[in-house]
Amino acid sequence: SSQLQQPNFARHAAMSKDANKQRVIALIPARGGSVSIPLKNIKELAGRPLIDWCVRAAIDSGCFDEVFVSTDHDGIAEVAKKSGASVHRRAAETATATASTESAMVDFVKANPEYDILCLIQATSPLTTPDHFREALALFERQKADSLVTAVRAHRFIWRVNPETGEATAKNYNPSKRPRRQDWDGELVENGAFYLTSKAVFEKDQCRLGGKIVLYEMPEHTFVELDSPTDWEIVKGLCEEHGYRPSESG
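Using this note's numbering, you'd call the opening residue of the sequence shown number 992 and step up by one each time.
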């Protein structure tokens, strides 16, 4: 009879393991109204709609139980579905030029409360790869963090100018002892690629970052802007060089 019990025990152990697994959901806000570049989120970038780059990287990372695009626009919803994402139709007031990203997150979790960790992904960060998501989630879990921010290390000297006197002063180095790049750690600058937030922290503060925050450092080329045609050309070249292409998976 012990032989008969064995499979039941194994099945029960597997079920409880699944029950303990955190439900991790990805959210990509993508409104239709873009001021700088019309319908930027689905504009073609290096042969693919912009949003396809982060949707496919998120899906292929295997980190997420579901990947959602939150949008108010039919064309973006259609592209998101083709890329493999689920679509959340966001409330109009969360899709205005003045609405905060947090308002889109609140709108989403009201409709989708079944999550343990929410990953906010910016559609304008096409250089995020599946490995970035995997490494960040592993760091988040290992450190028992409440939230995670992504950043790049930049070797930039920051200055301020006193508006009263016009005098300039350095903020993050001593000009009389100018460090060489190799002797200086630089500054960690938020690149806005993605964020992880525990349900407890988001419910408490309605903010993407809070509690114990950890930082996942990404390569310098992932710090990009997509606000002008020149930006688009630069990022196109970076995507061709460093971007994740789904055919590479498996």
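In this text, a Cβ means the ideal position worked out from N, Cα and C, and glycines have one as well.
Item	Value
Exposed unless 16 or more other CB atoms sit within 10 angstroms - verdict on W1150	exposed
For Y1186, the residue or residues it bridges with in DSSP	L1111 and V1140
Best match in G1202, L1206 and W1175 for proximity to N1182 [C-alpha to C-alpha]	L1206
Inter-residue spacing [alpha-carbon to alpha-carbon] between E1158 and V1078	52 Å
S1074 versus A1184: straight-line alpha-carbon distance, rounded	19 Å
CA nearest to the CA of S1061, picked from E1132, V1015 and K1072	K1072
8 Å contact criterion, which A1114 and I1028 should meet: CB distance rounded	About 12 Å; that fails the 8 Å criterion.
In DSSP terms, what I1079 is bridged to	Before going on, a small fix: residue 1079 reads as His here, not Ile. In DSSP, H1079 forms a bridge with S1061.
Per-residue DSSP class, three states only, for G1228	helix
Reference I1033, options K1162, L1217 and Q1173, closest by Cα	L1217
Residue from R1080, E1232 and P1220 with nearest C-alpha to L1018	R1080
Where the alpha helix (DSSP H) containing I1050 begins and where it ends	L1041 to S1052
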